[in-house]
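Just so you know, the sequences run in chain order A and B.
Each step along the first sequence adds one to the number in the working numbering, with nothing skipped, and position 70 is 60.
Each number in the working numbering corresponds to the 1-based position in the second sequence with 1022 added.
Don't be surprised by glycine CBs; every beta carbon is placed ideally from N, CA and C.
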Amino acid sequence: MLVAVPIALAGILPLPSPTETDLASRLLPPFSPGHLLGTDQLGRDLLSRLIWGGRISLTIGMLAMLVAGLVGTTLGAVAGYYRGWVDAVVSRAIEAQLSLPLLMLLLLMIAIFGSSIPIIILVLAIAQWPESARISRSLTLVETEKLYVTAARTTGTASLRIFVMHILPNIISRVLVVVLLLLSTSALLESSLSYLGLGVERPYPTWGRIIADGQQYVSSAWWLVVIPGLVISLLVLGVNLLGDGIRQKLTGQD
Amino acid sequence: MGWYLLRRLSFSLLAVLVVASVVFVLLRLTPGDPAATYVGLDVASDDVIEAVRDKWGLNDSLLVQYRSFVTNLVRGDLGESFVYGESAFRVVFWRLPNTILLAAVALLFTVLLAVPLGILAARNSGKTIDNGIGAAAITFQSMPEFWLSIILIQFFALRLGWFPTSGFSGWRSVILPGFTVSLLQLALVSQIVRRELIRLEKSPMADALRARGVSERRLLWGHLVRNSGIPVLTVLGTRFAMMINGIVIIEAVYNWPGVGNLAIQSLRSRDYPLIQANVLITSILAVMINLAVDLSYYFIDPRVRRQTSR
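Written as structure tokens, this is what we have:
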């Protein structure tokens, strides 16, 4: 929340421009007049850069989460419900992806197709879908065995109708928790890509890029590295705690 | 057992081959010209670049290139690195021990940190110690790995001067990156140890042992910890496989001379054979580690052995 609210309000808040350089006020420490969190090596306001960067990082993270969640959940649930060859294909794909050097392949994709925002989202989604597919598959497997499904079958309810009307609503809340946690891994992965210089291109100030740029000044201007890192950690921690909290509520245990 | 192994192995090999082919096709779609990158665009004439392209077979049709790639692959020849001018296999292979060393040290630190903390948390479950360990673990898990690395380098390497900042110069170089990786794994492993111990403590087995007069101390160390071994081992094994593939970023920050760092460099210089060799070798390695983890159950858990021999 602490992170999310200022980002949502970025357009309204009276902040200096994130890309306006002011060489006279380079590397100002936090709490300087006019620059609450200080400035970077080109005199750009850090707070403003963080907030604008957050808009990009969060948008990418959320879209990646949505795509991965949607694709993974659907594939997993279909595999768990219909079994047979669909299940075989999906399960093998999940297994294969978990045992292959995924990060290298993702870096390769970015090197080839460029680092536009849609490509980054796609790459993050590819990295994440097995997680949601696995959970929705196993939950569907358990749910399908339950008595009410058999009851619905014997009363002649259509197979697809059972799937959509009965099974999906029963698994969806627990799947959503896992999907929510994908946001935190998406955010971390996105910042890593930006740090490696393979994220969204300049002049967008993503969080990982701000840290990478600040790294060479870290001994004289610690805030350029420490503060953006704390912001990422805070966001991810918040999402993780939220996910854990919901899960505990759902299952009634830890 | 034999059939199971054979099936697993053949599937794994198929997956590796598919990956190799995908990488091959992806690389050929790349806009950049490796010959031009290698020679240096501004200095070389078109003739020189053309000669280099000919030498590397880049002027042949895609199908011809793929056929020679596969036949060479079967013969164990992964081609020559454009940049290093020697066998791509050897370039990767030389760096492999460094990555394995780093992953092994990281795994060792993870076990040394996470298992005792997990046991401590389980014994004090619900108390402040348990909550504190949980909170610390989840905090580390929420940090970007490159950021944690930079902070640790600043503190331990630059301020305290205990370790070198980057590169590889003796055993002390491996400690800081290994420690960084283990901090990131802490949450997962310690929570699994904790969960397993709490589950086992309430199991009929624990009750039976208590009824027989086994002391709490012996119950914990002799029986519960041992029985929690399988799930913990599974996680550690898959983590190890993931580390071999996934410490690219840590290797980059610490400039560690491993395969991950090599991958980033070869991507930048568009060194096709080197990228292919890298992906292929690390895939095979990861597949083998996952297989080894599965096999190890057979030796650790008598129940599995009985099931499979039947």
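Between the C-alpha atoms of A0/A and I125/A, what's the straight-line distance to the nearest angstrom?
Unreliable placement is indicated for A0/A, whose pLDDT of 48 sits below 50; no coordinate value is reported for it.
Once you ignore the five residues that flank I1160/B on each side, which residues in its own chain have a CB closer than 8 angstroms to its CB?
Only A1209 meet the Cβ criterion.
Give, in chain order, every residue of the segment 216 to 235 of chain A whose Cβ lies closer than 9 angstroms to some Cβ of chain B.
Residues passing the 9 angstroms Cβ filter: V216, P218, G219, L220, I222, S223, L224, L225, V226, L227, G228, V229, N230, L231 and D234.
Considering only residues of the same chain and omitting the five flanking positions on each side of A202/A, which have a CB-CB separation below 6 angstroms?
Here the set comprises Y185.
Which parts of the segment 95 to 145 of chain A are runs of the beta strand (DSSP E), unbroken and 3 residues or longer, counting only runs that do not cross its ends?
Qualifying beta strand (DSSP E) stretches: none in this window.
By a C-beta neighbour count over all protein chains shown, 10 Å radius and 16 as the cutoff for buried, is Q118/A buried or exposed?
So Q118/A ends up on the buried side.
In whole angstroms, give me the CA-to-CA distance for I162/A and G1251/B.
Answer to the nearest angstrom: the Cα atoms are 33 angstroms apart.
Looking at the C-beta of P1166/B, does it have a partner C-beta in chain A at a distance below 8 angstroms?
At least one chain A Cβ lies under 8 angstroms of P1166/B.
Ends of the alpha helix (DSSP H) at N1372/B?
An answer regarding residue 1372/B cannot be provided, because it is not within the stretch 1023 to 1332 covered by chain B.
Taking 8 angstroms as the threshold (beta carbon to beta carbon), is L1134/B in contact with chain A?
No, no contact with chain A.
Using a beta-carbon distance below 8 angstroms, is S176/A in contact with chain B?
Answer no: the Cβ-Cβ gap between S176/A and chain B never drops below 8 angstroms.
Just to confirm my understanding: we take V1045/B, look at its own chain, exclude 5 residues before and 5 after, and list those with CB closer than 6 angstroms. What are they?
Q1298 and V1301.
Cα separation between L1242/B and G228/A?
Those two C-alpha atoms are separated by around 34 angstroms.
Look at the alpha carbon of N1234/B and the alpha carbon of L1255/B, and state the distance between them as a whole number of angstroms.
Strictly speaking, residue 1234/B in this sequence is Arg, with Asn absent from that position. Looking at the two C-alpha atoms, the distance is approximately 29 angstroms.
Helix, strand or coil: how does DSSP classify S38/A here?
S38/A falls in the helix class under three-state DSSP.
According to DSSP, is L1028/B helix, strand or coil?
Three-state DSSP puts L1028/B in a helix.
Contact between the segment 1261 to 1280 of chain B and the segment 1194 to 1209 of chain B: three or more CB pairs below 8 angstroms?
Result yes; three or more Cβ-Cβ pairs closer than 8 angstroms.
Run through chain B and tell me which residues come within less than 8 angstroms of M55/A, C-beta to C-beta.
Chain B residues near M55/A: none, gap ~16 angstroms exceeds 8 angstroms.
Does the beta-carbon of D1069/B, which I'm using as the reference point, lie nearer than 7 angstroms to any heavy atom of the ligand COA?
Although the ligand COA was asked about, the structure shown includes no ligands whatsoever.
Cβ atoms of L224/A and M52/A: under 8 angstroms apart, would you say?
Going by C-beta atoms, M52/A is not nearer than 8 angstroms to L224/A.
Whose C-beta lies closer than 6 angstroms to the C-beta of W54/A among residues of the same chain, with five residues either side of it excluded?
The amino acid occupying residue 54/A in the given sequence is Ala; Trp does not appear at that position. Closer than 6 angstroms at the Cβ level, and outside the excluded window around A54/A, lie I111, L114, A115 and S176.
Alpha carbon to alpha carbon, how far is R39/A from Q1213/B? Give it in angstroms, no decimals.
Using only the alpha carbons, I get a separation of about 36 angstroms.
Exposed or buried, which one is Q206/A when buried takes at least 16 other CB atoms within 10 Å?
It counts as exposed.
Express the C-alpha separation of H1245/B and L1222/B in angstroms, rounding to a whole number.
Using only the alpha carbons, I get a separation of about 9 angstroms.
Whose CA, out of W1116/B, T1093/B and V1070/B, lies closest to the CA of I1303/B?
The candidate whose alpha carbon is nearest that of I1303/B is W1116/B.
Between L1027/B and chain A, is there a C-beta pair that is closer than 8 angstroms?
With 8 angstroms as the cut-off, L1027/B does not count as an interface residue toward chain A.
Let me confirm a value: F1185/B is counted as buried when at least 16 other C-beta atoms fall within 10 Å, else exposed. Which label applies?
Classification of F1185/B: buried, given that the 10 Å Cβ count is 16 or more.
Does S1225/B come out as helix, strand or coil in the three-state DSSP assignment?
S1225/B falls in the coil class under three-state DSSP.
Please list the residues of the segment 108 to 126 of chain A that have a C-beta atom closer than 7 angstroms to any C-beta atom in chain B, keeping them in chain order.
Those residues of the segment 108 to 126 of chain A that come within reach of chain B (Cβ to Cβ, closer than 7 angstroms) do not exist; the list is empty.
So, G70/A versus S128/A, is the Cβ gap smaller than 8 angstroms?
Yes; because the gap between Cβ atoms is below 8 angstroms, this pair is in contact.
Which term fits Q1287/B, buried or exposed, when burial requires 16 or more other beta carbons within 10 angstroms of its beta carbon?
Classification for Q1287/B: exposed.
Using the C-alpha atoms, what's the distance from A86/A back to V1362/B?
Residue 1362/B lies beyond the residue range present for chain B, which begins at 1023 and ends at 1332; the question has no answer from this structure.
What first and last residue would you give for the alpha helix (DSSP H) that runs through R1112/B?
Element bounds for R1112/B: A1110 to R1145.
Just to confirm, are V226/A and L178/A a CB contact at a threshold of 8 angstroms?
Yes, they are a contact pair.
Give me the chain A residues within the contact set of V1045/B, using Cβ-Cβ distance strictly less than 8 angstroms, ordered along the chain.
Correct list: L95 and L98.
Mind listing the chain A neighbours of L1048/B? Cutoff is C-beta to C-beta under 8 angstroms, in chain order.
Simply L98, M99 and I102.
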